[in-house]
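Convert by adding 13 to the 1-based position in the sequence shown; the result is the number in my numbering. Working notes, beginning with the structure itself.
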Amino acid sequence: MKKTFYLQLVNNNIIRDVIEYEKEGYQKVELEVPLPIGINGGWWKYENGNLVECEELKPQTEVEQKIEQLEQAILELSMLMAGVE
Numbered sequence: 014m015k016k017t018f019y020l021q022l023v024n025n026n027i028i029r030d031v032i033e034y035e036k037e038g039y040q041k042v043e044l045e046v047p048l049p050i051g052i053n054g055g056w057w058k059y060e061n062g063n064l065v066e067c068e069e070l071k072p073q074t075e076v077e078q079k080i081e082q083l084e085q086a087i088l089e090l091s092m093l094m095a096g097v098e
């Protein structure tokens with residue numbers, strides 16, 4: 014089922030806000046309900062009439078950040094052990 018929403022779009026059509034009433038600066042759209050969780054979190058775009066989730070814009074959790082740091086540290090240690098700088 015589709016419903017009328019109003020989107021606040023910034024920088025390359027990134028969705029910053031979604032409301033159900035008309036407001037200046039917001040774009041009127043018809044979207045399927047229910048809306049995706051986190052749609053106004055800054056990692057969704059509105060492109061060609063579609064909602065597009067952009068994983069690269071999604072903030073990392075603390076655990077994901079730690080894993081990335083550990084992976085980088087392991088890579089650096091491996092390179093040192095192999096004599097590559």
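No residue lacks a Cβ here, since even glycine has one placed at the ideal position from N, Cα and C.
Residue i vs residue j beta-carbon contact at 7 Å
i, j, result
"Val42", "Lys16", "no"
"Val31", "Ile50", "no"
Among the options, the one whose alpha carbon lies nearest that of residue i
i, options, result
"Gly38", "Gln21, Thr74, Gly96", "Gln21"
"Cys67", "Glu75, Gly54, Lys79", "Gly54"
"Lys71", "Met14, Arg29, Glu84, Leu88", "Arg29"
Residue-chain proximity (residue i, chain B), Cβ-Cβ < 7 Å
i, result
"Asn63", "Considering every chain present, this structure includes no chain B. It has just one protein chain."
Q: Take every Cβ of the segment 55 to 62, pair it with every Cβ of the segment 19 to 34, and state whether three or more of those distances are shorter than 8 Å.
A: The segment 55 to 62, when compared against the segment 19 to 34, does touch it at the 8 Å Cβ threshold.
**Q.** Whole runs of the beta strand (DSSP E) within the segment 16 to 68, excluding any shorter than 3 residues
**A.** Runs of the beta strand (DSSP E) inside the segment 16 to 68: 27 to 32, 40 to 45, 57 to 60, 63 to 66.
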